[in-house]
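**Q** My structure is below; once you've seen it, I'll send some questions.
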Amino acid sequence: MGVITRAQAKRTRSPPAPPAPPVDLISLLPDELLGDIITLLPTKAGARTQILSRRWRHIWRSAPLNLDARGTTITGAVVSRILSSHQGPARRLCHLSSSPGHLDAWLRCPALDNLEELLFWQGPQGPLPPPSAFLRFSPTLRFADFGWCQFPAAAAGGFHFPKLQELTLRCVSISEDALHALLAGFPALSSLMLKYNSGFRSLRVSSPSLEFVGLYSTGCMIKVKDVVVEKAPCLKGLILHSVIHHVRVSIVSAPKLEVLGSINDCSSAMQLGSSTVSQGCNVVSVVSVFRTVKDLGLASTLSQDEIITILKCFPCLEQLQIDHTSLATKMYGVMNPRIILNVLISILRD
Numbered sequence: 001m002g003v004i005t006r007a008q009a010k011r012t013r014s015p016p017a018p019p020a021p022p023v024d025l026i027s028l029l030p031d032e033l034l035g036d037i038i039t040l041l042p043t044k045a046g047a048r049t050q051i052l053s054r055r056w057r058h059i060w061r062s063a064p065l066n067l068d069a070r071g072t073t074i075t076g077a078v079v080s081r082i083l084s085s086h087q088g089p090a091r092r093l094c095h096l097s098s099s100p101g102h103l104d105a106w107l108r109c110p111a112l113d114n115l116e117e118l119l120f121w122q123g124p125q126g127p128l129p130p131p132s133a134f135l136r137f138s139p140t141l142r143f144a145d146f147g148w149c150q151f152p153a154a155a156a157g158g159f160h161f162p163k164l165q166e167l168t169l170r171c172v173s174i175s176e177d178a179l180h181a182l183l184a185g186f187p188a189l190s191s192l193m194l195k196y197n198s199g200f201r202s203l204r205v206s207s208p209s210l211e212f213v214g215l216y217s218t219g220c221m222i223k224v225k226d227v228v229v230e231k232a233p234c235l236k237g238l239i240l241h242s243v244i245h246h247v248r249v250s251i252v253s254a255p256k257l258e259v260l261g262s263i264n265d266c267s268s269a270m271q272l273g274s275s276t277v278s279q280g281c282n283v284v285s286v287v288s289v290f291r292t293v294k295d296l297g298l299a300s301t302l303s304q305d306e307i308i309t310i311l312k313c314f315p316c317l318e319q320l321q322i323d324h325t326s327l328a329t330k331m332y333g334v335m336n337p338r339i340i341l342n343v344l345i346s347i348l349r350d
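Here it is as structure tokens:
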């Protein structure tokens with residue numbers, strides 16, 4: 001038996017197998033799942049998937065429509081062309097500064113049947129009533145963001161959107177009666193954002209579903225003077241933007257409130273239940289305490305004594321957001337060590 005040399009063994013080995021071609025795992029997914037993926041993409045990116053292959057050409061037009069023209073070069077003509085050719089369900093329409101005629105025509109387009117999310121700002125050309133066509137989305141709309149428009153009192157009372165969960169009004173002109181009539185038509189509302197609106201001085205919160213309320217204002221708007229939380233069994237957050245001054249906050253019933261702020265200046269008044277925490281520039285003794293509040297915002301315009309007294313109403317705080325660098329000498333005995341650490345970290349960052 002002859003001896004096989006190393007060179008002979010090397011020559012007799014089978015050649016290495018060629019590398020396997022890359023597997024296109026994405027294309028193995030069903031069309032329905034690919035459509036959901038395309039819907040999550042920005043509008044332009046979703047439309048460009050049509051050039052990937054012949055199979056992908058129809059998916060964009062049949063996928064749930066996500067038409068968001070914010071921050072893009074998508075023109076009104078392109079929006080109209082997309083709506084006229086789209087064959088699938090509608091999920092989102094976001095467009096800014098459209099003419100009332102264009103917007104009304106878009107909202108009546110069959111491609112937007114069963115729309116779930118709607119954002120439109122009519123632009124600073126003047127507050128106009130929202131197009132009546134948006135009322136046809138009453139059974140399906142879950143998110144709405146309206147800007148630069150006006151809600152007449154007579155029309156606001158007729159709105160009813162049983163599935164609407166998130167509502168933002170920005171730069172909207174609306175009276176106090178119209179605002180509360182509007183909110184009454186949203187029985188499932190969980191988040192309410194009011195940004196730089198005008199026409200009302202009082203906000204009453206009485207809702208079985210609201211979890212978060214945010215209120216923003218500027219010096220050029222009619223300022224809100226009263227915020228009253230009458231009955232909000234699910235409310236977890238009440239945020240007043242730091243530029244809102246001289247506002248009276250009354251919390252009658254909010255058993256799940258965890259985030260509260262910002263208590264801005266000594267001219268504000270805050271009432272918890274039947275006890276007044278602050279009134280004018282004096283902080284009075286309190287009986288009620290809010291053990292559910294874990295995150296509290298205070299402004300540096302409050303004196304140290306006022307802050308310490310207010311903190312006694314919130315014995316279970318975990319986060320204190322405040323800009324007051326001299327608090328470290330007076331917070332012992334009032335806050336637990338975790339709060340002290342958070343405040344000291346905030347002071348060092350400043």
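First residue of the sequence shown: 1, per the UniProt record's numbering; consecutive thereafter. Ideal Cβ placement from N, Cα and C applies to all residues, glycine included.
Across which residues does DSSP place T168 in a beta bridge pair?
**A** In the sequence shown, residue 168 corresponds to position 168, counting from 1. BP columns for T168 point to D145, M193.
**Q** To the nearest angstrom, how far is it from the Cα of S206 to the Cα of V252?
**A** The count along the sequence shown starts at 1 and reaches residue 206 at position 206. The count along the sequence shown starts at 1 and reaches residue 252 at position 252. Each residue's alpha carbon lies about 10 Å from the other.
**Q** Less than 8 Å between the beta carbons of S138 and F161, yes or no?
**A** As a working mapping, residue 138 is identified with position 138 in the sequence shown. As a working mapping, residue 161 is identified with position 161 in the sequence shown. Yes, Cβ-Cβ distance for S138 and F161 is below 8 Å.
**Q** On the DSSP bridge assignment, give the partners of H160 in chain order.
**A** Walking along the sequence shown from the start, residue 160 turns up at place 160. Per DSSP, none; premise fails for H160.
**Q** Could you pull out every residue in the same chain whose Cβ sits closer than 7 Å to the Cβ of T140, ignoring the five residues on either side in sequence?
**A** Here the question's residue 140 lines up with position 140 in the sequence shown. Excluding positions up to five away in sequence, the list reads N114, L115, E116, K163.
**Q** CB-CB under 8 Å to P64, same chain, minus the five flanking residues each way: which ones, in chain order?
**A** Position 64 of the sequence shown, counted from the first residue, corresponds to residue 64. Taking P64 as the centre and dropping the five residues before and after it, the same chain places the C-beta of G35, D36, T39, G88, P89, A90, R91 closer than 8 Å to its C-beta, in chain order.
**Q** Which class does V205 belong to by DSSP, given the choice of helix, strand or coil?
**A** On the sequence shown, position 205 is the one that residue 205 refers to. Strand at V205.
**Q** Can you give me the start and stop residues for the beta strand (DSSP E) that G297 sits inside?
**A** Position 297 of the sequence shown, counted from the first residue, corresponds to residue 297. It spans 295 to 298 - the beta strand (DSSP E) in which G297 sits, taken as one unbroken run.
**Q** Report the residue ranges of all beta strand (DSSP E) runs contained in full by the region 37 to 117; include only those spanning at least 3 residues, in chain order.
**A** If one requires a minimum length of 3 residues, the beta strand (DSSP E) runs lying completely within the region 37 to 117 are 65 to 68, 90 to 96, in chain order.
**Q** With DSSP as the reference, identify every bridge partner of R136, one or two as the case may be.
**A** Looking up residue 136 in the sequence shown gives position 136. In DSSP, R136 forms no bridge with anything.
**Q** What do you reckon, is the C-beta of L302 under 7 Å from a heavy atom of the ligand GDP?
**A** What this structure holds is no ligand at all, so the ligand GDP is not there to describe.
**Q** Within its chain, find whatever has a CB closer than 6 Å to the CB of F212; leave out the 5 residues flanking it on each side and keep chain order.
**A** Locating residue 212 in the sequence shown gives position 212, where the first residue counts as 1. Non-local C-beta neighbours of F212 in its own chain, meaning closer than 6 Å and more than five positions away in sequence, comprise S191, G237, ordered along the chain.
**Q** Could you compute how far the alpha carbon of F159 sits from the alpha carbon of L119?
**A** Walking along the sequence shown from the start, residue 159 turns up at place 159. Walking along the sequence shown from the start, residue 119 turns up at place 119. Distance between the alpha carbons of F159 and L119: 17 Å.
**Q** Within its chain, find whatever has a CB closer than 6 Å to the CB of C316; leave out the 5 residues flanking it on each side and keep chain order.
**A** Within the sequence shown, the letter at position 316 stands for residue 316. R291.
**Q** Is the beta carbon of G185 less than 8 Å from the beta carbon of R170?
**A** Mapped onto the sequence shown, residue 185 falls at position 185. Mapped onto the sequence shown, residue 170 falls at position 170. Their beta carbons are not under 8 Å apart, which means G185 does not touch R170 by this criterion.
**Q** Determine whether the beta carbon atoms of D177 and S202 lie at a separation below 8 Å.
**A** Here residue 177 refers to the residue found at position 177 of the sequence shown. Here residue 202 refers to the residue found at position 202 of the sequence shown. It is not a contact, given that the beta carbons lie outside the stated cut-off.
**Q** My assumption, with CB atoms under 8 Å, is that T49 sits in contact with I59. Please give the rounded CB distance.
**A** For the purposes of this step, residue 49 is taken as the residue at position 49 of the sequence shown. For the purposes of this step, residue 59 is taken as the residue at position 59 of the sequence shown. Right, their Cβ atoms sit about 7 Å apart.
**Q** Let's see if you can read the secondary structure: which residues bound the alpha helix (DSSP H) around L182?
**A** Counted from its first residue, the sequence shown places residue 182 at position 182. First-last of the alpha helix (DSSP H) with L182: 176 to 183.
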